[in-house]
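Enquirer: First the structure, then my questions, so here it is.
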Amino acid sequence: LLDAALAIVEEQIRRKLASATHTQTLPVRYIPRYGAFGCFPQNTPVVSVSAPATATIRGNVVLVAASDAWLGSEVIAGWDVDDDYPATHFINLTYVGGYTDLNVPVTLALAICQLAAAMEDAETGSVPAGAKEVRLDGAAVLFSSPVSWADSLAPGLSEALRPYRYRGSVAL
Numbered sequence: 004l005l006d007a008a009l010a011i012v013e014e015q016i017r018r019k020l021a022s023a024t025h026t027q028t029l030p031v032r033y034i035p036r037y038g039a040f041g042c043f044p045q046n047t048p049v050v051s052v053s054a055p056a057t058a059t060i061r062g063n064v065v066l067v068a069a070s071d072a073w074l075g076s077e078v079i080a081g082w083d084v085d086d087d088y089p090a091t092h093f094i095n096l097t098y099v100g101g102y103t104d105l106n107v108p109v110t111l112a113l114a115i116c117q118l119a120a121a122m123e124d125a126e127t128g129s130v131p132a133g134a135k136e137v138r139l140d141g142a143a144v145l146f147s148s149p150v151s152w153a154d155s156l157a158p159g160l161s162e163a164l165r166p167y168r169y170r171g172s173v174a175l
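In terms of the numbering used here, the sequence shown opens at residue 4 and continues consecutively.
Shown next, in the form of structure tokens:
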């Protein structure tokens with residue numbers, strides 16, 4: 004059930020957790036905090052970037068040179084930061100990102116384990132998974148309306164996973 008719980012958590016947070024090499028086409032945006040263009044890889048933490056070679060890692064952001072981005076088949080030589088800059092420029096990014104057993108946050112590991120335990124209870128328990136109340140006299144089962152169906156198994160799961168949820172966008 005641990006693998007199933009991991010798959011559910013990955014679905015909830017919209018990214019893979021295990022450290023691996025990923026290649027993504029990502030929208031490039033101007034990031035005022037760094038005064039540079041960058042993108043937000045889906046699988047963090049980012050450990051290294053192999054393409055483009057000019058990329059630099061700043062936390063969960065990868066800064067890129069304007070000349071590495073493209074719009075359709077057109078390479079952009081440079082952008083005016085003062086222009087209204089929509090995320091229509093993209094970059095092909097190859098990077099190593101994700102967690103190992105040594106750096107996975109405790110709160111994330113705990114959420115996965117709690118969900119696995121709840122799934123085990125749901126398989127062996129006499130109360131339907133996610134039921135908030137069961138009445139025998141009227142043969143009624145009442146369910147709450149959780150943020151996600153996973154919350155019906157492990158209440159509070161969505162809130163626990165909120166800091167790890169991928170909020171960026173992936174092109175194409």
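Glycine residues also receive a C-beta, built at the ideal position from the N, C-alpha and C atoms.
Assess contact between the stretch 38–48 and the stretch 20–29, defined as three or more Cβ pairs (one per stretch) separated by less than 8 Å. Is contact present?
Expert: Touching, per the Cβ criterion.
Enquirer: Could you check whether the stretch 158–170 touches the stretch 15–23, counting it as contact only if at least three pairs of C-beta atoms, one from each stretch, sit closer than 8 Å?
Expert: Yes, since at least three Cβ pairs between the stretch 158–170 and the stretch 15–23 fall closer than 8 Å, the two stretches touch.
Enquirer: Can you tell me which of the three DSSP states T110 falls into?
Expert: Here residue 110 corresponds to residue number 107 of the sequence shown, with the count starting at 1. Reduced to three states, the DSSP call for T110 is helix.
Enquirer: What is the residue span of the alpha helix (DSSP H) that L5 lies within?
Expert: As a working mapping, residue 5 is identified with position 2 in the sequence shown. Where L5 is concerned, the enclosing alpha helix (DSSP H) stretches over L5 to I16.
Enquirer: Taking only the alpha-carbon atoms, compute the straight-line gap between G62 and Q117 and give it to the nearest angstrom.
Expert: As a working mapping, residue 62 is identified with position 59 in the sequence shown. As a working mapping, residue 117 is identified with position 114 in the sequence shown. Each residue's alpha carbon lies about 28 Å from the other.
Enquirer: Quick one, are the C-beta atoms of Y37 and L66 less than 8 Å apart?
Expert: To locate residue 37, count along the sequence shown from 1; it is residue 34. To locate residue 66, count along the sequence shown from 1; it is residue 63. Yes, the pair counts as a contact, with Cβ atoms nearer than the cut-off.
Enquirer: Helix, strand or coil: which one does DSSP assign to S161?
Expert: Start at 1 with the first residue of the sequence shown, and residue 161 comes out as number 158. Helix, per DSSP.
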